[in-house]
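Taking it in order: structure first as structure tokens, then the write-up.
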Amino acid sequence: MIRLARPDEASALTALCRRSKAHWGYDDRFLQLAAPALLVDVEAIGERRVFVSVDSDDRALGVARLDIEAPGVAELGLLFVDPPAMGLGVGKGLFVHVAVEARRRGCRRMTILADPFAAPFYERMGAHYLRQVPSDAIPGRTLPLYHLDLTGPVAHLDHADAAAGAVTSAPERYLDPEGRRGTT
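Just so we're aligned: the sequence shown equals residues 3 to 186 in our numbering.
What follows is the structure, encoded as structure tokens:
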């Protein structure tokens, strides 16, 4: 089930984002630098832009945030799945939910600044790679930027592998010029 986040969950959801990011092997220094990009803030929750996937006991499995960049343009502000819930379709459910909500709010496209490990997931969900751009959190890093056309089908639900959402390594095309993986 996906529901709106509650203000009292902000710190627990931020901790979920940090666990999810750490799952990919990023060290503490990196996680400190990335902390602003991992924050689930009460303001966004109050604006009804933060969505939580929960189990039958209302425990958070994943979180996503919808940002509106400009009229008609949404951004997937964040999407994180708690490591024990990875591969269960939580990310796919949140992605589709945010895309549908963006379309409901009048957006015609959605941008995604992706972690290189998540890039294949976004491609399976129908997002199109645009280019590498500077990280919003880590100086000197670049990240793959995607866009999703919201005027057509939101997700490719016929791709059973989209529910997996996890990959073991970032594809080579997401490495920066010095061979490092770009990320937030």
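Note that CB positions come from ideal geometry on N, CA and C, so glycine has one too. Quick caveat: nothing in here was measured; it's all calculated off a predicted structure.
- Per DSSP, TYR124 is one residue of the alpha helix (DSSP H) stretching across 121 to 126.
- In the structure shown, the three-state DSSP call for ALA66 is strand.
- Taking 4 residues as the minimum length, the alpha helix (DSSP H) runs contained wholly in the region 8 to 60 are 12 to 24, 30 to 40, 44 to 48, in order along the chain.
- A distance below 9 Å separates the beta carbons of ARG67 and ALA46.
- When rounded, the separation of the alpha-carbon atoms in LEU115 and GLU103 is 18 Å.
- For SER55, the closest of GLU49, ARG31, ILE70, PHE97 by C-alpha to C-alpha distance is PHE97.
- Only residues of its own chain outside the window of five on either side were considered, and among them ARG67, LEU68 have a CB closer than 6 Å to the CB of ARG51, listed in chain order.
- Judged by DSSP secondary structure, GLY93 falls within the alpha helix (DSSP H) whose first and last residues are 92 to 106.
- About 5 Å separates the CB atoms of ARG110 and GLY74; that is less than 8 Å, so the two are in contact.
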